[in-house]
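**Student:** Numbering (the numbering used here), first residue to last: 30 to 184. Note that CB positions come from ideal geometry on N, CA and C, so glycine has one too. I have a structure here, written as structure tokens, and I will follow up with some questions on it.
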């Protein structure tokens, strides 16, 4: 199992049509945590940027969770936070329009002070939202033209 110390990694599967489906994103967090209770994990881990990863032997992590109450509750807390994030992603995917999905993402993962920083490229954001890059570009341009969204280049 891995902990992403820096950068961004995703767990993905590829559909029969060849399109990647992102199942988990991790920045400063564990990725592939389901491997703790599985003999084989059926996803592919991909670093979207240069990553600094820590590898944890599964047997040692299992032992720490079994033996130490603090570790056990920290692990439960981590899984609970990831379950909440996954539920938000599922809710976002159920929304009908790109505007709704984009608004949900910005409200759920952005901040009033710093806005929302796209972790990766706009093509990757389109994949995250489950839309085509072209449709996302049109939506972003429309929102910006209407003054509902301000897009700034990363510094």
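(1) Determine, using beta-carbon pairs with one atom in the region 60 to 67 and one in the region 31 to 43, whether at least three such pairs fall under 8 Å.
(2) Three-state secondary structure (DSSP) at residue 163?
(3) Which residue comes first and which comes last in the beta strand (DSSP E) that contains residue 81?
(4) Over what stretch of residues does the alpha helix (DSSP H) that includes residue 112 continue unbroken?
(5) Can you tell me the Cα-Cα spacing of residue 121 and residue 34, whole angstroms?
(6) Using beta-carbon positions only, say whether residue 155 and residue 165 come within less than 7 Å of one another.
(7) By DSSP, does residue 127 sit in helix, in strand, or in coil?
(8) Where do the N-terminal and C-terminal ends of the alpha helix (DSSP H) with residue 154 fall, by residue?
(9) With three or more beta-carbon pairs closer than 8 Å as the criterion, would you say the region 42 to 54 touches the region 72 to 90?
(10) Closest Cβ-Cβ distance between residue 65 and chain B: below 7 Å?
(11) Look up residue 168 in the DSSP assignment and say whether it is helix, strand or coil.
(12) Quick one: using the 10 Å Cβ neighbour count with 16 as the cut-off for buried, is residue 130 buried or exposed?
(13) Give me the residue from 48, 104, 113 and 112 with the minimum Cα distance to residue 65.
(14) What does the Cβ neighbour count give for residue 118, buried or exposed, with the cut at 16 atoms within 10 Å?
(15) Identify which residue in 83, 88 and 82 has its Cα closest to the Cα of residue 67.
**Tutor:** If we stick to the structure as given:
(1) yes
(2) Helix.
(3) Unbroken beta strand (DSSP E) run through residue 81: 81 to 84.
(4) 98 to 123 is the extent of the alpha helix (DSSP H) around residue 112.
(5) 26 Å
(6) yes
(7) helix
(8) 151 to 158
(9) yes
(10) In the displayed structure, chain B is absent; only one protein chain is listed.
(11) helix
(12) buried
(13) 104
(14) Residue burial is scored here from C-beta neighbours: residue 118 has at least 16 other C-beta atoms within 10 angstroms and is therefore classed as buried.
(15) 88
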